[in-house]
Every structure is written in structure tokens, then in C-alpha cells.
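Asker:
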Amino acid sequence: MGLSNELGGIYHILMKDLQAYYLKPPNISWGILFPLVLSLAFLLRNPTGLIELAPGLIAMAAIFGTTSMEAIVITFEKRNGSLERLLLAPISIRSLLVGKILGGTVFGGMISGVMVPITIIMFGMEIVDPILFFGSLILTLLTLSALGALVAVSVTEVFEAQTLSNFFRFPMIFLCGVFIPVEAMPLVLQVVAYLLPLTYSVNALRMATIEASGLLGPLINIGAMGVFLFLMLAASERVLKRSLTQ
Amino acid sequence: MLEYAICEGLVTTEGITMIQPAIKVHGLTKHYADLVAVDDISFEVDRGEVFGFLGPNGAGKTTTIRMLVGLTRPSDGTAMVAGHSITDDIVEVKRRVGVVPEVSNLYDELSVWDNLLFMSRLYHVPRQARTSRIEEILQSFDLMSRSRMKFGKLSKGLKRRVVIAAALVHAPEVVFMDEPTVGLDVVSARTLREFIEKLGTEETTVFLTTHYIEEADRLCERIAIIVEGRIVVADTPEDIKKRIETQPIIRAELSHVPDRSLLRSLSDLGDLEHEGHIIRLRVENPGESLGLLINTLSSRGMSVEALETVRPTLEEAFVELTGMSPDRMQAEKGGVQRWD
Numbered sequence: 001m002g003l004s005n006e007l008g009g010i011y012h013i014l015m016k017d018l019q020a021y022y023l024k025p026p027n028i029s030w031g032i033l034f035p036l037v038l039s040l041a042f043l044l045r046n047p048t049g050l051i052e053l054a055p056g057l058i059a060m061a062a063i064f065g066t067t068s069m070e071a072i073v074i075t076f077e078k079r080n081g082s083l084e085r086l087l088l089a090p091i092s093i094r095s096l097l098v099g100k101i102l103g104g105t106v107f108g109g110m111i112s113g114v115m116v117p118i119t120i121i122m123f124g125m126e127i128v129d130p131i132l133f134f135g136s137l138i139l140t141l142l143t144l145s146a147l148g149a150l151v152a153v154s155v156t157e158v159f160e161a162q163t164l165s166n167f168f169r170f171p172m173i174f175l176c177g178v179f180i181p182v183e184a185m186p187l188v189l190q191v192v193a194y195l196l197p198l199t200y201s202v203n204a205l206r207m208a209t210i211e212a213s214g215l216l217g218p219l220i221n222i223g224a225m226g227v228f229l230f231l232m233l234a235a236s237e238r239v240l241k242r243s244l245t246q
Numbered sequence: 001m002l003e004y005a006i007c008e009g010l011v012t013t014e015g016i017t018m019i020q021p022a023i024k025v026h027g028l029t030k031h032y033a034d035l036v037a038v039d040d041i042s043f044e045v046d047r048g049e050v051f052g053f054l055g056p057n058g059a060g061k062t063t064t065i066r067m068l069v070g071l072t073r074p075s076d077g078t079a080m081v082a083g084h085s086i087t088d089d090i091v092e093v094k095r096r097v098g099v100v101p102e103v104s105n106l107y108d109e110l111s112v113w114d115n116l117l118f119m120s121r122l123y124h125v126p127r128q129a130r131t132s133r134i135e136e137i138l139q140s141f142d143l144m145s146r147s148r149m150k151f152g153k154l155s156k157g158l159k160r161r162v163v164i165a166a167a168l169v170h171a172p173e174v175v176f177m178d179e180p181t182v183g184l185d186v187v188s189a190r191t192l193r194e195f196i197e198k199l200g201t202e203e204t205t206v207f208l209t210t211h212y213i214e215e216a217d218r219l220c221e222r223i224a225i226i227v228e229g230r231i232v233v234a235d236t237p238e239d240i241k242k243r244i245e246t247q248p249i250i251r252a253e254l255s256h257v258p259d260r261s262l263l264r265s266l267s268d269l270g271d272l273e274h275e276g277h278i279i280r281l282r283v284e285n286p287g288e289s290l291g292l293l294i295n296t297l298s299s300r301g302m303s304v305e306a307l308e309t310v311r312p313t314l315e316e317a318f319v320e321l322t323g324m325s326p327d328r329m330q331a332e333k334g335g336v337q338r339w340d
């Protein structure tokens with residue numbers, strides 16, 4: 001009864017968020033235009049080496065797709081008091097957060113889902129290991145969405161959520177191998193890169209699309225993303241619980 | 001109304017079922033750094049009772065509600081709500097209570113129906129009962145014709161009605177209402193009060209905070225007054241009024257609005273208040289003062305249209321017990337609404 005109530009709560013929060021926020025026509029059109037314009041910009045600027053770039057662009061679509069709307073949704077609900085409605089409901093704070101994180105995951109999945117066929121058709125990318133590709137993409141979306149939730153529960157204003165999101169997003173785009181391979185960066189930056197979740201996402205997606213990989217490489221990257229997901233969910237839960245003592 | 005609620009009771013060794021109170025608070029305390037927002041309060045609310053929780057702004061009313069519904073952790077003390085501990089079993093408490101917050105915080109982008117549907121799902125109303133329950137609630141709140149309207153498009157009064165409906169959709173045992181009629185027009189406020197009265201007759205326990213003392217006087221079976229985090233009195237409205245009933249009050253409706261000179265003369269007879277052509281005189285000896293009052297008025301050519309001796313109002317008791325000035329009392333009412 002307890003678990004089914006928690007799962008039911010997660011599902012209903014997810015569906016409510018999709019209905020109230022994510023699946024609005026302006027968001028859907030942005031979700032299609034963003035990956036399309038991004039891909040076209042790279043295709044027209046420099047048509048060579050696009051296959052190497054494709055995993056990074058998918059990861060980039062994932063990070064913007066998950067964190068942009070989710071941070072706004074959670075902060076908006078905090079501001080107008082409707083997040084309190086969910087805190088009043090008979091479900092745990094963890095389930096509440098999982099419901100919220102899944103909303104960002106689905107929206108990020110839609111945007112990445114547009115990016116995948118674009119990179120296949122326009123860039124000639126091939127998915128050599130579909131299980132690794134989709135598994136690591138889903139884990140990437142969940143991890144980055146959990147990062148968005150952590151940012152949102154830590155601030156009070158929507159603009160603060162955007163600013164703090166950018167504080168993580170842009171350094172990750174430049175440090176995590178989206179454009180420049182991590183190995184080509186100075187050692188200090190490599191260390192920083194391996195402290196960021198997107199590095200493992202790009203690595204895993206690259207292994208699934210370009211490089212023939214053994215078992216160990218994918219497992220390390222997936223394991224690292226799992227650790228980040230757990231840490232961010234735990235941190236978000238802690239922040240939200242702490243707000244209840246205030 | 002209690003279709004989904006579970007009534008809790010204690011069975012003694014003699015097999016007698018003793019009904020637990022709906023809310024039992026013992027030594028509840030909340031600190032914010034050095035500030036003591038709620039200071040060691042204890043009270044009980046019976047099942048099916050409409051209980052008023054009054055106090056000036058910042059007295060600790062909302063903090064108390066937030067602790068009882070699991071939005072804030074108490075620094076100390078315990079409380080049982082609907083038979084479950086707020087510190088050890090808060091999910092079970094949440095399942096059994098409905099909350100009407102001070103702000104109308106449902107989802108603007110969802111219709112009235114979808115908001116209620118979401119709340120019914122979140123509170124585990126059985127799937128087969130949801131539609132009929134939502135229809136029943138919408139009809140009792142006269143919202144059926146607006147069920148497809150987006151919440152964000154509704155007027156303030158209608159939003160409050162939907163928020164109350166949302167708090168009741170899972171037929172809670174206890175409903176917490178934080179200033180439910182604040183800022184509403186007279187008609188909407190009256191409609192909401194009628195709903196609250198109806199709830200009281202349907203055996204739902206109502207825990208109500210309000211700035212409108214007359215509202216509490218009419219709706220509540222018992223009232224607790226909280227000042228600076230401490231409960232100064234908890235009793236029936238009548239008994240609270242009796243506590244300050246030291247001096248009788250003569251209330252007179254005059255034929256005209258009295259001028260300054262007349263008011264000066266009348267104030268010699270006792271503590272005088274006036275509003276338009278109505279005067280209230282708190283006197284030591286009503287028999288003697290009545291004669292003097294009539295003489296004074298007739299000597300100024302003023303006739304009396306109605307005359308009575310009255311007991312202090314709950315508002316006067318509140319002002320005396322909380323030590324609030326009438327000006328602050330008026331300011332806290334916000335001048336938005338008067339009792340109709």
C-alpha cells in the first residue's frame with residue numbers, strides 16, 4: 001500500500017506537470033526548434049567532423065532540455081505556494097522530487113529525442129550499441145534533471161534558478177568533452193571535468209555511437225552517472241527537508 | 001462526508017470505545033533562532049468540532065497550523081492529529097487532513113475539474129469514486145458550471161471556493177482553514193461561512209484561524225486565543241465574553257448623529273464609543289446611568305430610537321485579552337471586509 005501510494009504520487013505529479021507546464025505549445029515548439037537550429041548551425045559552419053560532435057550535441061540538448069524548464073517550474077511553484085500543496089500530500093518528499101525530476105526528464109527526453117534523428121540524418125551518426133546509447137541517454141536525462149531540481153530547491157526566485165543553472169551548464173559544455181575531448185585539455189581542467197556528470201554522459205554516448213567499447217568503460221561511466229543521480233537527489237531532498245524546519 | 005475517513009478510537013480493557021480527540025496538542029513549541037514563534041501550547045479539539053484559533057498578526061497561528069499539517073517541524077512538544085503523531089507518522093496525518101491555506105495556491109493552468117481530479121488522485125480517492133466525489137463537491141460549492149474553466153481565470157471568491165473544495169475532495173477527518181474568508185467580498189464570504197457551518201454539522205472537524213472575530217463567534221464552538229506564541233484563553237465564545245463582563249454596556253441608537261458637545265456630555269456618564277448615530281456606553285450602574293442618559297439626550301432635543309443593555313462582544317474580549325489597541329485591531333482587519 002505504501003509503495004503503490006508513493007508510485008501513484010510520483011506518476012500523478014509527473015502527469016500534472018506535463019499537463020500544466022511542459023506540454024504547452026510554446027514549449028513543444030521550442031523543444032523542436034532548439035535542437036534543429038543547433039544542429040543546422042554546426043552543419044552549415046563546418047560540415048566536417050560532425051560524427052565526433054554528435055554525442056556532445058545530444059548531451060547538450062539533454063542538459064538544456066532537462067534543466068531549463070524544470071528549474072522554472074519548481075521555483076515558480078515555490079513562489080506561488082503550489083509546491084506546498086505537494087508537500088501537504090500524503091507522499092514522501094523523495095517521491096515528490098522524483099515526480100518533479102521525471103517531468104524534467106521527459107521534457108529533456110523530447111528535445112534529445114528530436115536531436116537523435118537529426119544527428120543520424122544530417123551528421124551520419126550511427127548507434128552501434130543501442131542498449132548502451134538509450135540506457136546512458138536516459139541516465140543522463142535523469143542525472144541532469146536531478147541537477148535542475150537541486151538548483152531549483154536551493155533558490156527562491158526564478159531568475160536565481162536560471163543564473164545558478166547557467167553556473168553549472170556553461171562550464172560543463174566547455175569542460176565535459178562536448179566540443180573538445182577531455183584528454184586534450186590541461187590536467188587541472190581534466191580533473192575538474194571528471195567531477196562533472198556531463199563528462200560521463202558524453203563518454204558513454206560516444207562509446208555507444210563511435211568507439212567500439214568493452215564492458216568496463218560503459219560500466220564506469222554509467223556507474224558514475226548513477227552516483228551523481230543519487231547524490232543530487234539526496235542533496236535536493238536534504239535542502240527541501242531543511243526548509244521544513246525553518 | 002466521511003466515506004473515506006477512518007475514525008480512530010481507543011478500546012479500554014472494559015471494552016468501552018473512547019473516541020480520541022481530533023487534535024491533541026501537548027507542549028508544542030517552535031523556535032526560529034532566538035524567536036519563540038509558538039511557546040509550549042497545549043489544547044484539544046473534539047471530533048466534529050469547529051475550533052477557532054485567534055490572535056493578532058505574528059501571534060503563532062499559521063506556525064501552529066504548519067506544524068500540525070507537517071509543513072514545519074516542531075522544535076519541541078507533541079501533537080496527535082486524526083489519531084496519528086505529527087512527528088512519527090506525518091504521512092498518515094496528511095492522508096487524513098485537508099488544508100485551506102491563506103493563499104489560493106492551486107494550478108492556474110489546470111481547469112477546476114483537473115485541479116480537483118489531481119488532488120483526488122494525490123490523496124488516493126478510489127478511482128471508481130473520483131468522478132462522483134468531484135461532482136458532489138462541485139455541486140455543493142456551486143461550481144459545476146465553471147468546472148472546465150482554468151483556475152487562473154477565476155475571480156478571487158471563486159478561487160477560494162475551489163481551494164476549499166480541493167481540501168475536502170478526499171473527505172478529510174480534519175480540515176485546517178487559515179483565514180479562509182480574508183479579502184473576499186461580502187457575498188463570497190457569507191457563502192463560505194455557510195459551507196463551514198455545514199461542515200461542522202457533517203462531523204468534519206474544522207480548525208479555523210480568522211481575523212474576523214464575529215466570524216469565529218458565529219462559527220466556532222470553542223476558541224483559543226494565542227498571543228506572542230502562548231494561548232491566553234481557550235473556551236466557548238460565550239464564556240470568553242463572560243470573562244471580561246465586568247461592566248455592563250448601554251447601546252443606544254439615536255435619532256441623529258451626536259455633535260461634539262453632546263459626546264462630551266455623554267462621556268461623563270461612562271466609557272463612550274460611537275459610530276454614526278449609535279453609541280455604546282460602558283457604565284458602573286446601568287439603572288442610574290440609563291436615567292441620566294435619557295435626561296441628557298432629551299435636554300439636547302435628541303430622541304432614542306432603540307435602547308438596550310448589551311454584553312461585551314467577542315471582539316471586545318479579544319482586545320482585552322490580547323492587549324491590542326482598537327486601532328491595531330482595525331488595521332489587522334485590513335478594512336477589507338465587515339461582518340454582514
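Protein sequences, first through last, are from chains E and G. When we follow this note's numbering, the leftmost residue of the first sequence carries the number 1, and every step to the right adds one. When we follow this note's numbering, the leftmost residue of the second sequence carries the number 1, and every step to the right adds one. Using N, Cα and C, we set each Cβ at its ideal position, and we do this for glycine too. Small disclaimer: the values here were computed from a predicted structure and weren't measured.
1) Alpha carbon to alpha carbon, how far is Glu316/G from Leu297/G?
2) Give, in chain order, every unbroken run of the beta strand (DSSP E) that is at least 3 residues long and sits entirely within the segment 244 to 289 of chain G.
3) List the DSSP bridge partners of Ile23/G.
4) Using the Cβ count rule (16 or more neighbours within 10 Å means buried), how would you classify Val257/G?
5) By DSSP, does Leu2/G sit in helix, in strand, or in coil?
6) Kindly say whether Pro218/E, judged by its beta-carbon, lies nearer than 8 Å to any beta-carbon of chain G.
7) Take His124/G as the anchor and find which of Lys198/G, Leu168/G, Val50/G and Gly58/G has the nearest alpha-carbon.
8) Give the DSSP-derived three-state secondary structure of Val239/E in the structure shown.
9) Hey, would you say the C-beta of Thr48/E is under 7 Å away from at least one heavy atom of the ligand FMN?
10) Between which residues of its own chain and Glu3/G is the CB-CB distance below 6 Å, once the five residues before and five after are set aside?
11) Three Cβ pairs or more, each shorter than 8 Å: is that satisfied between the segment 221 to 240 of chain G and the segment 248 to 265 of chain G?
12) Just to confirm, is the Cβ distance from Pro35/E to Val114/E under 8 Å?
13) If you measure between the beta carbons of Leu263/G and His274/G, is that distance less than 8 Å?
14) In this structure, what does DSSP give as the bridge partners for Tyr32/G?
15) Compare the Cα-Cα distances from Met225/E to each of Ala59/E, Ala54/E and Leu43/E and report the closest residue.
16) At the level of alpha carbons, what is the spacing between Gly103/E and Glu70/E?
17) Which residue wins for smallest C-alpha separation from Glu203/G, given the options Ile86/G, Val174/G and Lys150/G?
18) Taking any Cβ of chain G, which residues in the segment 7 to 33 of chain E have a Cβ under 9 Å from it, in chain order?
19) When DSSP labels each residue in this structure, what does Asp235/G get in the three-state scheme?
20) Of the residues that make up the segment 76 to 107 of chain E, which ones have a beta carbon closer than 8 Å to any beta carbon in chain G?
21) According to DSSP, what are the bridge partners of Ala61/E?
22) If you count every other CB in all the chains shown that lies within 10 Å of the CB of Leu69/G, and 16 or more means buried, which is it?
23) Identify, in the order they occur along the chain, each residue of the same chain with its Cβ nearer than 8 Å to the Cβ of Gln190/E, setting aside the five sequence neighbours on each side.
24) From the DSSP output, which residues share a beta bridge with Gly31/E?
25) Rounded to whole angstroms, how far is the Cβ of Ala166/G from the Cβ of Leu106/G, which I believe are closer than 8 Å?
26) Compare the C-beta of Leu342/G with all C-beta atoms of chain E and state if any pair is closer than 8 Å.
27) Under 8 Å between C-beta atoms, does Leu2/G make it to chain E?
28) Mind listing which residues of the segment 203 to 217 of chain G have their C-beta closer than 9 Å to chain E's C-betas, in chain order?
29) Could you tell me the alpha carbon to alpha carbon distance between Val239/E and Ile240/G, rounded to whole angstroms?
30) Ignore the nearest five residues each way along the sequence and tell me which others in Leu43/E's own chain have a CB closer than 6 Å to its CB.
31) For chain E, find out if any of its Cβ atoms is closer than 8 Å to the Cβ of Arg133/G; answer yes or no.
32) Verify the CB distance criterion: does Asn221/E have a CB-CB separation below 8 Å to chain G?
33) Taking 8 Å as the threshold (C-beta atoms), are Leu116/G and Leu87/E in contact?
34) Select from the segment 189 to 214 of chain E all residues with a C-beta closer than 7 Å to any C-beta belonging to chain G, and list them in chain order.
35) Comparing C-alpha positions only, which one of Pro117/E, Leu187/E and Tyr200/E sits nearest to Met172/E?
36) Got a sec: which bits of the segment 56 to 90 of chain G sit with their beta carbon under 8 Å from any beta carbon on chain E, in order along the chain?
Answerer: On the basis of the supplied data:
1) One-based indexing of the second sequence puts residue 316/G at position 316. One-based indexing of the second sequence puts residue 297/G at position 297. Their backbone Cα atoms lie some 26 Å apart in a straight line.
2) Here the runs fully enclosed are 249 to 254, 271 to 275 and 278 to 282.
3) Reading the second sequence from its first residue, position 23 is the one you call residue 23/G. Residue pairing by DSSP places Ile23/G opposite Val45/G and Val81/G in a beta bridge.
4) Here residue 257/G is taken as the residue at index 257 of the second sequence, counted from 1. Label assigned to Val257/G: exposed.
5) For the purposes of this step, residue 2/G is identified with residue 2 of the second sequence, where counting begins at 1. Low confidence applies to Leu2/G: its pLDDT is 36, below 50, so where it sits in the model is not reliable, and the reading given next is rough at best. Reduced to three states, the DSSP call for Leu2/G is coil.
6) Looking up residue 218/E in the first sequence gives position 218. Using a Cβ-Cβ cut-off of 8 Å, Pro218/E does not count as an interface residue toward chain G, since no Cβ of chain G sits closer than that to its own.
7) One-based indexing of the second sequence puts residue 124/G at position 124. Comparing Cα positions, the closest option is Leu168/G.
8) In the first sequence, counting from the first residue as 1, residue 239/E sits at position 239. Val239/E falls in the helix class under three-state DSSP.
9) Although the ligand FMN was asked about, the structure shown includes no ligands whatsoever.
10) The count along the second sequence starts at 1 and reaches residue 3/G at position 3. Bear in mind that the predicted position of Glu3/G carries a pLDDT of just 41, short of 50, making it too unreliable to give a figure here.
11) Because the criterion of three Cβ pairs below 8 Å is not met, the segment 221 to 240 of chain G and the segment 248 to 265 of chain G do not touch.
12) In the first sequence, residue 35/E corresponds to position 35, counting from 1. In the first sequence, residue 114/E corresponds to position 114, counting from 1. Yes; because the gap between Cβ atoms is below 8 Å, this pair is in contact.
13) Numbered from 1 along the second sequence, position 263 holds the residue referred to as residue 263/G. Numbered from 1 along the second sequence, position 274 holds the residue referred to as residue 274/G. The beta carbons of Leu263/G and His274/G sit closer together than 8 Å.
14) By one-based count along the second sequence, residue 32/G stands at place 32. DSSP lists Leu35/G as partners of Tyr32/G.
15) Here residue 225/E corresponds to residue number 225 of the first sequence, with the count starting at 1. For the residues Ala59/E, Ala54/E and Leu43/E, the minimum Cα distance to Met225/E belongs to Ala59/E.
16) As a position in the first sequence, residue 103/E is number 103, starting the count at 1. As a position in the first sequence, residue 70/E is number 70, starting the count at 1. About 7 Å.
17) Sequence index remark: in the second sequence, residue 203/G carries index 203 (1-based). Between Glu203/G and the set Ile86/G, Val174/G and Lys150/G, the nearest pair of CA atoms involves Val174/G.
18) If the cut-off is 9 Å between Cβ atoms, the segment 7 to 33 of chain E has Gly8, Gly9, Tyr11, His12, Ile13, Met15, Lys16, Gln19, Ala20, Tyr21 and Lys24 near chain G.
19) By one-based count along the second sequence, residue 235/G stands at place 235. It is a strand residue.
20) So the close ones are Asn80, Gly81, Ser82, Glu84, Arg85, Leu86, Leu87, Leu88, Ala89, Pro90, Ile91 and Ser92.
21) The sequence position of residue 61/E within the first sequence is 61, counting from 1. Its beta-bridge partners do not exist; DSSP assigns none.
22) One-based indexing of the second sequence puts residue 69/G at position 69. The sequence shown places Val at residue 69/G, rather than the Leu named in the question. By the 10 Å Cβ count, Val69/G comes out buried.
23) If you number the first sequence from 1, residue 190/E lands on position 190. These residues qualify, in order along the chain: Val182 and Glu183.
24) Against the first sequence, residue 31/E aligns to sequence position 31. Gly31/E is not bridged to any residue.
25) Taking the second sequence and counting its residues from 1, one reaches residue 166/G at position 166. Taking the second sequence and counting its residues from 1, one reaches residue 106/G at position 106. Right, the Cβ-Cβ distance comes to about 6 Å (below 8 Å), so this counts as a contact.
26) The first residue shown for chain G is 1 and the last is 340, placing residue 342/G beyond what the model contains.
27) Sequence index remark: in the second sequence, residue 2/G carries index 2 (1-based). Summary for Leu2/G: the model assigns pLDDT 36, below 50, so the residue's position carries little reliability, and this model does not support an answer.
28) For the segment 203 to 217 of chain G, which is checked against every Cβ of chain E, not one residue is closer than 9 Å.
29) Translated into the one-based positions of the first sequence, residue 239/E becomes position 239. Translated into the one-based positions of the second sequence, residue 240/G becomes position 240. Going by C-alpha positions, Val239/E is about 43 Å away from Ile240/G.
30) Along the first sequence, read from residue 1 onward, the residue named residue 43/E stands at position 43. The answer, listed in chain order, is Met122.
31) To locate residue 133/G, count along the second sequence from 1; it is residue 133. Chain E contact via Cβ: absent.
32) Walking along the first sequence from the start, residue 221/E turns up at place 221. Not a single CB atom of chain G sits nearer than 8 Å to the CB of Asn221/E.
33) As a position in the first sequence, residue 87/E is number 87, starting the count at 1. As a position in the second sequence, residue 116/G is number 116, starting the count at 1. Going by C-beta atoms, Leu87/E is not nearer than 8 Å to Leu116/G.
34) Answer in chain order: no residues at all.
35) Position 172 of the first sequence holds residue 172/E. With distances taken between Cα atoms, Met172/E lies closest to Tyr200/E.
36) Contact annotation: in the segment 56 to 90 of chain G, residues whose CB is within less than 8 Å of a CB in chain E are Val69, Gly70, Leu71, Thr72 and Arg73.
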